[in-house]
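Peer 1:
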Amino acid sequence: MPGDLDADVLVVGGGPVGLAAAIEARLAGLSALVLEPRPGPVDKACGEGLMPGALRSLHRLGVDPDGYPLAGIAYVGGPRRVEHRFSGGVGRGVRRTVLHAALAARADELGVEHVATRATSVEQDARGVVVDGLRGRYVLACDGLHSTVRRLVGLEVPGRRAGGAAWRTARRADRRRFGLRRHYRVAPWGDLVEVHWAPHAEAYVTPVAPGLVGVAILGAARTDLDATLAALPALAQRLAGAEPDGPVRGAGPLLQRTRARTAGRVLLVGDASGYVDALTGEGLRVGLAQAAAAVAHLDDPAGYERAWTRATRDYRVLTSGLVAAATSPARRTIVPAATALPGVYGRIVERLAR
1 MPGDLDADVL VVGGGPVGLA AAIEARLAGL SALVLEPRPG PVDKACGEGL MPGALRSLHR
61 LGVDPDGYPL AGIAYVGGPR RVEHRFSGGV GRGVRRTVLH AALAARADEL GVEHVATRAT
121 SVEQDARGVV VDGLRGRYVL ACDGLHSTVR RLVGLEVPGR RAGGAAWRTA RRADRRRFGL
181 RRHYRVAPWG DLVEVHWAPH AEAYVTPVAP GLVGVAILGA ARTDLDATLA ALPALAQRLA
241 GAEPDGPVRG AGPLLQRTRA RTAGRVLLVG DASGYVDALT GEGLRVGLAQ AAAAVAHLDD
301 PAGYERAWTR ATRDYRVLTS GLVAAATSPA RRTIVPAATA LPGVYGRIVE RLAR
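Each residue of the sequence shown is one higher than the one before, counting from 1 in UniProt numbering.
#1: In the structure shown, what three-state DSSP assignment does residue 351 receive?
#2: Which residue marks the beginning of the beta strand (DSSP E) containing residue 130, and which one marks its end?
#3: Quick check on DSSP: helix, strand or coil for residue 186?
#4: Compute the Euclidean distance between the alpha carbons of residue 323 and residue 5, then round it to the nearest angstrom.
#5: Using 8 Å as the Cβ pair cut-off and three pairs as the minimum, do the stretch 132-146 and the stretch 7-22 touch?
#6: Go through its chain and collect everything with a Cβ distance to residue 342's Cβ below 6 Å, but skip five positions before and after it.
#7: Where does the unbroken alpha helix (DSSP H) through residue 237 begin, and where does it stop?
#8: Evaluate the contact criterion for the stretch 180-194 versus the stretch 212-219: three or more CB pairs, one atom per stretch, below 8 Å.
#9: Between the alpha carbons of residue 61 and residue 38, how many angstroms are there, rounded?
#10: For residue 243, report the span of its beta strand (DSSP E) as first-last.
#11: Going by the beta-carbon positions, is the gap between residue 278 and residue 293 smaller than 8 Å?
#12: Enumerate in chain order the residues of its own chain whose CB-to-CB distance from residue 339 is below 6 Å, with the five nearest sequence positions on each side excluded.
#13: Based on the DSSP output, what are the partners of residue 203 in its beta bridges?
#14: Express the C-alpha separation of residue 250 and residue 164 in angstroms, rounding to a whole number.
#15: According to DSSP, is residue 300 part of a helix, a strand, or is it coil?
#16: Using C-beta distances below 6 Å, list every residue in its chain close to residue 14, excluding the 5 sequence neighbours before and after it, in chain order.
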């Protein structure tokens, strides 16, 4: 292995969480090198709604992306509707490419370096890690749901092997859920994220700009975006005549499990560290918290495991429970129950918003 360091921290994956991890490293006084083969802002399927806690985390990093104010979350099922407005500040709907560009600009400002390469090999010794010939003291694997680094260091759990209690709950409910997203050129009709519950899928509507909304669909592998909208006549009417802005993009399967979050000097961060589902819209908030925890615990793998558990506990428990209900006969009771118990619904939203 070469002896000279290319950077203190190699960050594999240049998406939003990878860039946030690199920014965290620079703010901690460490050099950071991002390994990402794709140039420029990368568009992927995601809900694009930043909870108030996620927005505060971005502000702490010196990032303030343009978008559309989000005041809360509404669940909609047929004629029933329940909504809760955040009590601790507003969130923001931000198009993923806009968020990516804002994080990239901040990373550049702080001196984060970039190499256009895809990780294909990982080797470790007592003093560092080499990824495709580049050497760092540590590696933060931020390379997404289907992380190559996770597989290379032996932390991937293939198939349906057991994980912790929250993972087992999600596994029992797992129907290989996937996500789809398309933007529509239409003026937002409110300042809430709307979750419309179709018979077999959920449609998330997020305003991301004054003349643009994103519609994300979560469902089984063969879920079709247009067919789901056809099953939601109120939402379809809102979008009638609206011109799509870009293609339908997809991601999944969503459920991913890991044996652990660390392997020597390699730390898994964001979706690479394990993922339940996008149903609660917390992916970025949780990913940002993991990025901060990873940089704070580079020399303490056990400490990062504990911090990861704390940062993801609410997400794992709440999301696993909702996915279990959403993929069972109890699905039809979710919106009626939320409507009948608005206080409980509000407390859940507030936990997600932190």
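Note that beta-carbon positions come from the ideal geometry of N, C-alpha and C, so glycine has one too.
Peer 2: The relevant details are as follows:
#1: Working through the sequence shown from its first residue, we reach residue 351 at position 351. In the three-state scheme derived from DSSP, where H, G and I count as helix and E and B as strand, residue 351 is classed as helix.
#2: Position 130 of the sequence shown, counting from 1, holds the residue named residue 130. Note, residue 130: beta strand (DSSP E), 129-131.
#3: One-based indexing of the sequence shown puts residue 186 at position 186. The answer is coil: DSSP assigns residue 186 none of H, G, I, E or B.
#4: By one-based count along the sequence shown, residue 323 stands at place 323. By one-based count along the sequence shown, residue 5 stands at place 5. Cα-Cα distance, rounded: 44 Å.
#5: These segments touch.
#6: Locating residue 342 in the sequence shown gives position 342, counting from the first residue. The residues are 82.
#7: What you label residue 237 is simply residue 237 of the sequence shown in a count that begins at 1. Following the DSSP letters along the chain, one finds residue 237 inside the alpha helix (DSSP H) bounded by residues 233-239.
#8: Yes, the stretch 180-194 touches the stretch 212-219.
#9: Walking along the sequence shown from the start, residue 61 turns up at place 61. Walking along the sequence shown from the start, residue 38 turns up at place 38. Take the alpha-carbon of residue 61 and the one of residue 38: they are about 23 Å apart.
#10: Taking the sequence shown and counting its residues from 1, the one referred to as residue 243 is at position 243. It spans 243-251 - the beta strand (DSSP E) in which residue 243 sits, taken as one unbroken run.
#11: Walking along the sequence shown from the start, residue 278 turns up at place 278. Walking along the sequence shown from the start, residue 293 turns up at place 293. In this structure, residue 278 keeps its C-beta atom at 8 Å or more from the C-beta atom of residue 293.
#12: On the sequence shown, residue 339 is found 339 positions in, with the first residue counted as 1. Around residue 339: 80 and 82.
#13: On the sequence shown, position 203 is the one that residue 203 refers to. Checking the DSSP bridge columns, you'll see residue 203 partnered with 196 and 217.
#14: Here residue 164 refers to the residue found at position 164 when the sequence shown is read from its first residue. Here residue 250 refers to the residue found at position 250 when the sequence shown is read from its first residue. With a pLDDT of 49 at residue 164, under the threshold of 50, the predicted position of this residue should be treated as unreliable, though the coordinate-derived value follows. Computed Cα separation, rounded: 27 Å.
#15: By one-based count along the sequence shown, residue 300 stands at place 300. Reduced to three states, the DSSP call for residue 300 is coil.
#16: Taking the first residue of the sequence shown as position 1, residue 14 is located at position 14. These residues qualify, in order along the chain: 34 and 36.
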